[in-house]
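Residue numbers (the numbering used here): 2 to 183.
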C-alpha cells in the first residue's frame, strides 16, 4: 500500500462458499437453459457427441481466459489503470484464474470491472445460443455466469461503500482493501 492511503476495511472472500454457490448456479442455470431451449428455439431434438463435449471443453477454457482478460479491460477502461500495472494467470493452489491490478481503483470503476466479464462471457453467449439455436453456447453462457460467483461476492461487498472510495485488489488472495485517501 502507498503511504498516502489508509485501509478502512479488508474484504475477504470465502472461496469454499463461492465454490458451492458456483456449483449451484451451474446446475440451476444449466437446467433452466436446457428447459428453455426448445421453447425459445426451433430445435426440438437435443443430441450430444464426443465432438460436442470436446468443443464445449475448448470453449469453456477460451471463455475463462477471456473472462479474466475482460477484467483487465475493465480496469483499463473504467479505472484508467495502465497495462503495466496489470497481471493475470491461474493460481493452481486455490484453483482459480485471476486478473489483478497493482493500483487502487475507485469503487465505482472496480464494480464495473468486476461485472464486465459476466455480461460479455456469460450473458452474451447465452443469449446468442438461444438466438442461434446452439445449446452449447447456452450452456457455456450458463457455466460462465456461474463462474462469476466470486465476482458477484466481491461486488456484493463493494456495494456497501461509496463509489469514490479507493479499492485495492490483493494480488495473491481473494481479498479487497477499501482505502481512504489521506
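All residues carry an ideal CB built from backbone N, CA and C; glycine is no exception.
Quick one, which of the options has its alpha-carbon nearest residue i's?
i	options	result
residue 106	137, 79, 8, 20	79
residue 114	72, 25, 167	72
residue 54	137, 65, 145	137
residue 102	93, 108, 76, 122	76
residue 24	144, 36, 130, 127	144
residue 130	104, 152, 57, 157	57
residue 151	8, 93, 6, 19	19
residue 62	90, 37, 35	90
residue 88	95, 99, 94	99
residue 17	121, 65, 36, 96	96
residue 139	74, 36, 51	36
If contacts are defined as beta-carbon pairs under 8 Å, then residue i and residue j qualify, I think. What distance do you get, rounded to the angstrom?
i	j	result
residue 30	residue 147	6 Å
residue 45	residue 39	6 Å
residue 154	residue 119	In fact, because the Cβ distance is near 12 Å, the residues do not count as touching under 8 Å.
residue 141	residue 60	5 Å
residue 42	residue 134	4 Å
residue 159	residue 180	Their Cβ separation, rounded to whole angstroms, is 12 Å, which puts residue 159 and residue 180 out of contact at 8 Å.
In the structure shown, what three-state DSSP assignment does residue i receive?
i	result
residue 109	helix
residue 273	Any question about residue 273 goes unanswered here, given that the chain covers just 2 to 183.
residue 186	With the chain covering only 2 through 183, there is no way to say anything about residue 186.
residue 156	helix
residue 80	helix
residue 97	strand
residue 14	coil
residue 178	strand
residue 88	strand
residue 167	strand
residue 7	strand
residue 122	helix
residue 2	Because residue 2 sits at a pLDDT of 48, beneath the cut-off of 50, its placement in the model cannot be relied upon, and the point is left open.
residue 27	helix
Any chance the CB of residue i is under 6 Å from a heavy atom of the ligand HEM?
i	result
residue 138	As for the ligand HEM, it is missing from this structure, which has no ligand bound.
Inter-stretch contact at 8 Å, needing at least 3 Cβ pairs: the segment 10–21 / the segment 165–182: As far as the Cβ criterion goes, the segment 10–21 touches the segment 165–182, which means the pair count is three or higher.
Stretch pair the segment 152–171 + the segment 82–97: three plus CB contacts closer than 8 Å: Result no; under three Cβ-Cβ pairs closer than 8 Å.
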